[in-house]
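Notes follow once the structure below has been shown.
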Amino acid sequence: MNVVVYSQPGCTRCTATMRMMTKLGVPFDVVDIRQDHAAADRLRAMGYLETPVVEVGDVSWSGFRPDAIKELAGTAAGRGKLHGKYRVERIGGTPGKHDDCRYFVLDPQHDEHAAAAMRVYADAVRPTLPGLAADIDEWLDAA
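2 is the number of the first residue of the sequence shown in my numbering; add one for each residue after it.
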């Protein structure tokens with residue numbers, strides 16, 4: 002996750018944004034729009050007329066937004082509110098086979114949609130991975 006704060010000297014909202022991100026552990030890069038004219042032009046073309054502008058992938062906003070920064074802090078901790086609370090680690094399997102995998106945590110005890118999503122996944126893999134589908138079914142039935 003690459004967070005960029007477009008700022009300029011003397012901008013109190015920029016300072017507040019960066020201070021809160023630092024306090025919440027959100028890593029970010031800073032671009033001074035007075036030094037980077039191409040960045041300033043691009044932001045104006047996007048309709049932004051004030052700083053800071055914060056970009057996170059395809060998402061952006063301007064101004065001091067504590068709500069968005071708190072959401073981002075959850076994302077920085079693990080990519081979202083739910084699994085920001087977990088550290089997922091692969092502990093078995095063939096070394097190197099799945100090193101580029103990304104993991105996502107679903108919690109059917111606290112998220113009403115998680116069990117349904119897991120059942121759909123189990124049904125989808127059942128023809129090729131029947132053991133995995135059975136494990137998911139068993140786990141969901143026990144929950």
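C-beta atoms are modelled at their ideal positions from N, C-alpha and C, and glycine is treated no differently.
In this text, all values refer to a predicted model and were calculated from it rather than measured experimentally.
Just curious, the alpha helix (DSSP H) that residue i is in, first and last residue?
{"i": "TYR49", "result": "Neither: TYR49 is in no alpha helix (DSSP H) and is coded neither H nor E."}
{"i": "PRO131", "result": "131–143"}
{"i": "ASP124", "result": "115–126"}
{"i": "ARG20", "result": "13–24"}
For the beta strand (DSSP E) that residue i lies in, which residues bound it at each end?
{"i": "VAL32", "result": "30–33"}
{"i": "VAL5", "result": "4–8"}
{"i": "VAL60", "result": "60–63"}
For residue i, which of the options has the nearest alpha-carbon?
{"i": "PRO10", "options": "GLY58, PHE29 and ASP33", "result": "ASP33"}
{"i": "PRO109", "options": "PRO96, ILE137, THR95 and GLY97", "result": "ILE137"}
{"i": "ASN3", "options": "PHE29, ALA17, THR16 and CYS12", "result": "PHE29"}
{"i": "ALA17", "options": "ARG127, PRO96, PRO131 and PHE65", "result": "PHE65"}
{"i": "SER63", "options": "ARG14, PRO128 and ALA115", "result": "ARG14"}
{"i": "ALA69", "options": "LEU25, LYS98 and PRO96", "result": "LEU25"}
{"i": "ALA123", "options": "ASP112, GLU139, HIS111 and GLU113", "result": "GLU139"}
Would you call residue i buried or exposed, if buried means 16 or more other Cβ atoms sit within 10 Å of its Cβ?
{"i": "GLU51", "result": "exposed"}
{"i": "PRO53", "result": "buried"}
{"i": "MET22", "result": "buried"}
{"i": "ALA117", "result": "exposed"}
{"i": "ALA125", "result": "exposed"}
{"i": "ALA143", "result": "exposed"}
{"i": "ALA135", "result": "exposed"}
{"i": "PRO67", "result": "exposed"}
{"i": "LYS82", "result": "Note that LYS82 scores a pLDDT of 45, beneath 50, so its modelled location is shaky; the value from the coordinates is reported in the next line. Classification of LYS82: exposed, given that the 10 Å Cβ count is below 16."}
{"i": "LEU193", "result": "Here the chain covers residues 2 to 144 and nothing more, so residue 193 does not appear."}
So residue i and residue j are supposed to be a Cβ contact under 8 Å. How far apart are they, rounded?
{"i": "LEU73", "j": "VAL27", "result": "5 Å"}
{"i": "GLU56", "j": "VAL5", "result": "5 Å"}
{"i": "MET119", "j": "LEU141", "result": "6 Å"}
{"i": "MET19", "j": "VAL31", "result": "7 Å"}
{"i": "CYS39", "j": "TYR7", "result": "Rather than Cys, the amino acid found at residue 39 in this sequence is Ala. Between TYR7 and ALA39 the Cβ distance is about 11 Å, and since that is not below 8 Å, they are no contact."}
Please decide whether residue i counts as near chain B, where near means a Cβ-Cβ distance under 8 Å.
{"i": "ILE70", "result": "Any reference to chain B falls outside this structure, which holds one protein chain only."}
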